[in-house]
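**Student:**
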Amino acid sequence: TLTPRRQPSATTPTPSPAPARPVIDPRLLSAVVGLKNGLVENLKKARNPKAEAIVMSALNRCVGLKKEATENDKMETICIKGIRAVIDGFHNQNRASTPAAAPAETPPIFEAKVLASLNGFKDVSIKALKVRLGEARAEAVTLSAIDRVLGFADASIVSQGGEGESSGSNFEGVEQHLIRSIRQLLLGMNQRLRDG
Numbered sequence: 001t002l003t004p005r006r007q008p009s010a011t012t013p014t015p016s017p018a019p020a021r022p023v024i025d026p027r028l029l030s031a032v033v034g035l036k037n038g039l040v041e042n043l044k045k046a047r048n049p050k051a052e053a054i055v056m057s058a059l060n061r062c063v064g065l066k067k068e069a070t071e072n073d074k075m076e077t078i079c080i081k082g083i084r085a086v087i088d089g090f091h092n093q094n095r096a097s098t099p100a101a102a103p104a105e106t107p108p109i110f111e112a113k114v115l116a117s118l119n120g121f122k123d124v125s126i127k128a129l130k131v132r133l134g135e136a137r138a139e140a141v142t143l144s145a146i147d148r149v150l151g152f153a154d155a156s157i158v159s160q161g162g163e164g165e166s167s168g169s170n171f172e173g174v175e176q177h178l179i180r181s182i183r184q185l186l187l188g189m190n191q192r193l194r195d196g
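Heads up: the sequence shown at position 150 corresponds to 150 in full-length UniProt numbering, and the numbers run straight through without jumps.
#1: Between G34, K66, S159, which has its C-alpha nearest F171's C-alpha?
#2: For E52, does the count of other Cβ atoms within 10 angstroms reach 16, so buried, or fall short, so exposed?
#3: Going by Cα to Cα distance, which pick from A31, S57, T70 is closest to H91?
#4: Which residues in the same chain as P107 place their Cβ atom closer than 6 Å to its Cβ, once the five residues preceding and following it in sequence are excluded?
#5: Relative to the C-alpha of K36, which candidate in P19, R47, E76 has its C-alpha closest?
#6: Can you tell me where the alpha helix (DSSP H) with V131 in it begins and where it stops?
#7: Whole-angstrom Cβ separation of I109 and V149, contact assumed at under 8 Å?
#8: Looking at the strands, I want to know which residues DSSP matches up with R183.
#9: Check Q191 in the structure and name its three-state DSSP category.
#10: Between D73, K74, V63, D147, which has its C-alpha nearest A85's C-alpha?
#11: Look at the alpha carbon of A155 and the alpha carbon of R95, and state the distance between them as a whole number of angstroms.
#12: How would you call A136, buried or exposed, if buried means at least 16 neighbouring beta carbons within 10 angstroms?
#13: What does DSSP give as the partner residue(s) for P22 in the beta ladder?
#14: Please report how far the alpha carbon of F121 lies from the alpha carbon of Q93, in whole angstroms.
#15: To the nearest angstrom, how far is it from the Cα of P26 to the Cα of C79?
#16: Could you tell me if A46 is buried or exposed, where buried requires 16 or more neighbouring beta carbons within 10 angstroms of its beta carbon?
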């Protein structure tokens with residue numbers, strides 16, 4: 001007689017949810033932030049008044065959060081080359097264990113679904129804020145919030161109010177609201193944030 005075999009699905013325990021993955025590999029984040037800080041310092045030494053804005057614009061372009069230069073295209077292009085070299089170097093170092101055809105362009109710093117969600121959030125936020133802040137300022141505030149959640153910046157990267165603009169503290173309130181929403185979005189995608 002045949003003894004009935006146990007069905008694998010009946011005995012297999014329900015898989016526990018996959019552990020949250022970091023949005024960006026902490027070692028890569030550390031390398032990119034280190035380079036970013038060095039680039040900002042070098043531009044400040046060269047007396048560039050928009051050092052941080054140039055480097056952050058380059059970083060956002062490099063990781064796919066932004067398409068156009070906002071400050072100084074030539075300087076941003078130089079920064080992008082350096083940032084790409086760090087990302088390429090990191091991925092090449094990790095690829096040594098899994099040889100494959102080298103990609104033609106810089107590998108992404110985070111998963112495609114994360115980038116798509118962040119860009120979708122950015123577009124919706126800019127649309128909602130541009131009436132109140134103007135499109136350029138709405139984009140700057142939204143990108144600043146995203147950069148802070150990702151760990152690229154510790155404080156707002158939005159330049160504080162100029163002539164005829166509302167004070168920077170108003171932007172901080174908007175940015176804090178965006179930060180909470182971005183954190184929820186990423187945590188909902190099972191992404192581990194750097195301080196969570």
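Just so it is clear, CB atoms sit at the ideal spot from N, CA and C, and this is done for glycine as well.
**Tutor:** Here's the rundown:
#1: S159
#2: buried
#3: A31
#4: H91
#5: E76
#6: 112 to 133
#7: Between V149 and I109 the Cβ distance is about 14 Å, and since that is not below 8 Å, they are no contact.
#8: R183 is not bridged to any residue.
#9: strand
#10: V63
#11: 33 Å
#12: exposed
#13: R192
#14: 32 Å
#15: 21 Å
#16: exposed
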